[in-house]
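Student: Mind looking over this structure? Questions follow.
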Amino acid sequence: MVVAENHLLSLLPRRDRLRLIAISESVYLELGTVLCEPGEPTRHAYFPNDCFISLVTAMEGEPGLEVGMVGREGMLGAQLVLGVSAIPLHALVQGPGMARRIDAAPFRRELGASKPLQRVLNRYLYVLMAQLATSSACTRFHSIGARLARWLLMSEDRAHSDSFHLTHEFLAYMLGVRRVGITGAASELQRRGLIRYHRGEITVVDRTGLEAAACACYASDLHAYDQLLG
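Heads up: the sequence shown begins at -5 in my numbering, then just goes up one per residue.
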């Protein structure tokens, strides 16, 4: 099986890309692995290939809420580009798979030596900021069903498959809602023939229909990315 290449790395000139790959190691990220916690020093930068990572924020006494997702299109550790070591979010592997991992110190050195890497990651930082802002508004104004459809599309894009494993409990955690809300929304999407859900296995049956059911935030995120990094 051919593993998908990280898109940010593919945008680099060959010389810069090979230099970055030379200081990286290929690692398998297990489902549910916590890669970093808020306020802790960043030890590694991750460039996912076929895995994806949830960026979760939490308030004391409240369940977590996913505000971003990183897959093949991006990287974890983008705050290093700003010279900041700590990330303000909890990063959790949502979809298992391969990634390139680079220790923070050599990554910083390579960043200082490569203008193309700086340009690509500065653009990605803007896209990530737009995604975080969109997620905040989406949580406040859009229905659970539309948000769930958006989230499933984002997961399918990064899983490179129309089937993936997700429990109602995990979905509720990601969307910051009660489990009963996820159960009702998922049942409605299944009743409409858009997805198939059984024992934690979700299959997207009708991609076009699911896009229609999702809020406009999904298309907005794609547009922002394509404009700068497509």
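Positions of the beta carbon are idealized from the N, C-alpha and C atoms, including for glycine.
Which residues does DSSP pair with Ala85 in a beta bridge?
Tutor: In DSSP, Ala85 forms a bridge with Cys30, Leu49.
Student: Give the DSSP bridge partners of Ser20, in chain order.
Tutor: For Ser20, which the question treats as bridged, DSSP gives the partners Arg94.
Student: Run through DSSP, which three-state label would Gly170 get?
Tutor: In this structure, Gly170 counts as coil in the three-state DSSP scheme.
Student: State yes or no: is the C-beta of Leu29 within less than 9 Å of the C-beta of Leu86?
Tutor: Contact flag set, yes.
Student: Taking contact to mean at least 3 C-beta pairs separated by less than 8 Å, is the segment 52 to 72 in contact with the segment 0 to 7?
Tutor: Touching, yes.
Student: Considering just the uninterrupted stretch of the alpha helix (DSSP H) at Pro7, what are its terminal residues?
Tutor: Per DSSP, Pro7 belongs to no alpha helix (DSSP H) and is neither H nor E.
Student: Do you know offhand how far Gly194's Cα is from Leu74's?
Tutor: Straight-line Cα distance between these residues: approximately 35 Å.
Student: By the three-class DSSP mapping on this structure, what secondary structure does Gly203 have?
Tutor: If DSSP states are grouped into helix, strand and coil, Gly203 belongs with the helices.
Student: Going by beta-carbon coordinates alone, are Ile189 and Leu146 separated by less than 9 Å?
Tutor: Yes, the Cβ-Cβ distance between Ile189 and Leu146 is below 9 Å.
Student: Go ahead and pull the three-state DSSP assignment for Thr128.
Tutor: Correct three-state label for Thr128: helix.
Student: Nearest by alpha-carbon distance to Thr27: which of Thr177, Ile17, Gly89 is it?
Tutor: It is Gly89.
Student: Leaving out five residues on either side along the sequence, give the residues of the same chain with a beta carbon under 7 Å from the beta carbon of Ile17.
Tutor: The answer, listed in chain order, is Ile96, Pro100, Glu104.
Student: Straight-line CA distance for Ala52 to Arg172?
Tutor: Going by the C-alpha atoms only, they are around 15 Å apart.
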